[in-house]
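Residue 218 in the UniProt record's numbering sits at position 102 of the sequence shown, and the numbers go up by one each step.
Beta carbons: idealized from backbone N, C-alpha and C, even for Gly.
Predicted model, so just to flag it, every value in this text is computed and none were measured.
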Amino acid sequence: PPNVQVNADPFELSRVEVEMLSKSIRDDLVGSEHPVLTKAASYFFDSADGGKKIRPMMVMLLSRALADTVGDAQYDQESLFTKPLKEQRQDLPAAQRRLAEISEMIHTASLFHDDVIDGSDTRRGMASVHMVFGNKMAILAGDYLLARASICLARLRNVEVVETMSTIIEHLVRGEVMQIRGSSSSDGAEENMVYYLKKNFFKTASLMANSCKSAAVLAGCSPELVNASYKYGKHVGMAFQLVDDVLDFEGSISSMGKPALADLNAGLATAPVMFTARQFPELEEMMDRKFRDEGDVERAQQLVFESDGLEQTKHLARLHAEIAMEALLELDDSVYRDSLINLAYKVVSRTK
Ligand code: FPP
Ligand code: MG
Ligand code: MG
Numbered sequence: 117p118p119n120v121q122v123n124a125d126p127f128e129l130s131r132v133e134v135e136m137l138s139k140s141i142r143d144d145l146v147g148s149e150h151p152v153l154t155k156a157a158s159y160f161f162d163s164a165d166g167g168k169k170i171r172p173m174m175v176m177l178l179s180r181a182l183a184d185t186v187g188d189a190q191y192d193q194e195s196l197f198t199k200p201l202k203e204q205r206q207d208l209p210a211a212q213r214r215l216a217e218i219s220e221m222i223h224t225a226s227l228f229h230d231d232v233i234d235g236s237d238t239r240r241g242m243a244s245v246h247m248v249f250g251n252k253m254a255i256l257a258g259d260y261l262l263a264r265a266s267i268c269l270a271r272l273r274n275v276e277v278v279e280t281m282s283t284i285i286e287h288l289v290r291g292e293v294m295q296i297r298g299s300s301s302s303d304g305a306e307e308n309m310v311y312y313l314k315k316n317f318f319k320t321a322s323l324m325a326n327s328c329k330s331a332a333v334l335a336g337c338s339p340e341l342v343n344a345s346y347k348y349g350k351h352v353g354m355a356f357q358l359v360d361d362v363l364d365f366e367g368s369i370s371s372m373g374k375p376a377l378a379d380l381n382a383g384l385a386t387a388p389v390m391f392t393a394r395q396f397p398e399l400e401e402m403m404d405r406k407f408r409d410e411g412d413v414e415r416a417q418q419l420v421f422e423s424d425g426l427e428q429t430k431h432l433a434r435l436h437a438e439i440a441m442e443a444l445l446e447l448d449d450s451v452y453r454d455s456l457i458n459l460a461y462k463v464v465s466r467t468k
């Protein structure tokens with residue numbers, strides 16, 4: 117088995133760059149010529165603790181891991197004559213740092229909209245944007261963030277990256293619509309699980325997959341490395357969402373900064389419920405009526421805890437994390453690669 121450095125800490129290795137990220141995004145958002153718009157759009161970038169920043173962290177660590185793998189091959193041979201190699205080396209992380217910011221801006225925009233759609237009052241331990249600025253301004257601030265992200269994206273001057281990152285926005289919308297529409301229970305349990313996993317890809321994994329892919333494209337990687345990067349992001353994302361759905365049962369406001377049981381209360385059956393329904397078919401009726409009858413939410417919660425639905429979901433998350441880790445073995449070993457392997461592990465063992 118490959119020798120992975122277990123102490124390669126993704127948080128420590130990306131700390132300085134992640135700390136710079138919020139400030140850099142803030143700087144990019146000023147000048148909307150309307151202070152309220154600027155303020156709303158920068159809302160989560162103003163405080164030191166604006167979320168886990170897991171997406172930019174992945175982009176930054178992966179960029180470094182790929183630089184170690186690709187070596188000098190990534191540098192534009194043409195400009196080798198016009199620019200010293202050392203200068204080019206400094207250019208590259210700058211593009212990928214922008215990519216990390218774009219990824220976080222798209223994510224944050226989707227959260228502004230999501231909290232309006234879900235009527236969610238808190239996010240990241242703070243009042244949601246719409247609670248402070250109102251629904252209209254929250255939607256517009258999300259749109260503004262997306263617009264700014266698009267401009268930053270175009271400035272990377274890489275058509276493949278523009279297409280890849282734009283696909284994320286399409287996928288986020290598709291995932292959200294799939295979640296709102298839901299699947300029809302008459303399709304059967306298997307079909308419903310497939311629908312749920314597909315929805316998870318669109319709403320969560322695509323952002324990570326395509327951000328990682330873009331980092332590899334910007335590094336001038338071979339198709340094999342681009343694929344490996346995509347695969348890593350995709351499966352970390354799948355694992356991440358499954359764990360998120362477990363934490364909706366196991367977490368609480370104090371640990372998550374958002375209320376627990378949000379999914380059941382919103383009428384959503386996630387993996388823990390679907391696995392539980394295999395053991396307790398009485399759940400199916402509740403799923404059909406979206407847990408709307410008196411006592412449904414409590415009963416469903418009770419059954420989930422009595423079954424091994426949460427364990428099975430965690431097991432599935434671990435399988436995805438393992439696929440993600442394996443994909444990275446395509447890269448040469450480096451402390452950055454190993455930190456990403458550890459990150460995949462941390463995603464499945466997180467408690468918030
Ligand atoms: C959080 O899910 C929400 C998302 C991952 C995506 C939401 C996407 C949209 C609202 C489509 C619009 C997209 C853009 C780019 C503006 P959740 O509600 O399950 O999780 P939560 O508990 O964190 O709220
Ligand atoms: Mg939500
Ligand atoms: Mg939502």
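Between the options, which has its C-alpha nearest residue i's C-alpha?
| i | options | result |
| --- | --- | --- |
| Y311 | V278, A270, G304 and S299 | S299 |
| L269 | R214, C337, E128 and L313 | R214 |
| V146 | V186, K430, S219 and L261 | L261 |
| V464 | I439, V134, L444 and E446 | I439 |
| S282 | I218, L432 and F127 | I218 |
| D379 | D144, A210 and D234 | D234 |
| R271 | A211, T224, M324 and K319 | A211 |
| I222 | M253, L323 and E135 | L323 |
| R297 | G383, D231 and A321 | G383 |
| I457 | Q395, S345, M402 and M403 | S345 |
| residue 79 | G304, Y348 and K329 | A question about residue 79 goes unanswered here, because the residues of the chain that appear run from 117 up to 468. |
| N316 | A335, K168, E286 and M294 | M294 |
| S226 | A325, D259 and S236 | D259 |
| residue 549 | C337, K169 and S450 | Outside the shown range of the chain (117 to 468) lies residue 549, about which nothing can therefore be said. |
| E340 | R290, E292, V362 and L182 | L182 |
| E446 | S163, L178, R415 and Q395 | L178 |
| S338 | R408, V186 and N274 | V186 |
| C328 | V289, L426, Y348 and E149 | Y348 |
| H431 | M402, V152, V413 and V362 | V362 |
| F318 | V152, E410, M402 and I285 | I285 |
Which whole-angstrom value is the C-beta distance of residue i and residue j, which I expect to be below 8 Å?
| i | j | result |
| --- | --- | --- |
| D454 | A124 | 4 Å |
| A387 | T320 | That pair is no contact at about 13 Å. |
| A460 | V389 | Between V389 and A460 the Cβ distance is about 25 Å, and since that is not below 8 Å, they are no contact. |
| A332 | V342 | 4 Å |
| V359 | A433 | 5 Å |
| F161 | I141 | 5 Å |
| V277 | S236 | Incorrect: roughly 32 Å between the Cβ atoms, too far for contact. |
| L419 | L399 | 6 Å |
| A257 | F228 | 6 Å |
| V245 | D231 | 7 Å |
What residue does the alpha helix (DSSP H) around residue i start on, and which one ends it?
| i | result |
| --- | --- |
| F391 | A387 to Q395 |
| R453 | V451 to S465 |
| E410 | Run containing E410: none; DSSP gives neither H nor E here. |
| N119 | Note, N119: premise wrong, no alpha helix (DSSP H); not H, not E. |
| T320 | Taken as a continuous stretch (DSSP letters only), T320 belongs to no alpha helix (DSSP H), as it is neither H nor E. |
| Y159 | No alpha helix (DSSP H) holds Y159; DSSP gives it neither H nor E. |
| G291 | V275 to R297 |
| D424 | Per DSSP, D424 belongs to no alpha helix (DSSP H) and is neither H nor E. |
| A355 | P339 to E366 |
Can you tell me which of the three DSSP states residue i falls into?
| i | result |
| --- | --- |
| A243 | strand |
| D448 | coil |
Residues with C-beta closer than 7 Å to any heavy atom of ligand 3, in chain order: With 7 Å as the limit, the residues whose C-beta approaches a heavy atom of ligand 3 more closely than that are D230, I233, D234, E292 and Q295, in chain order.
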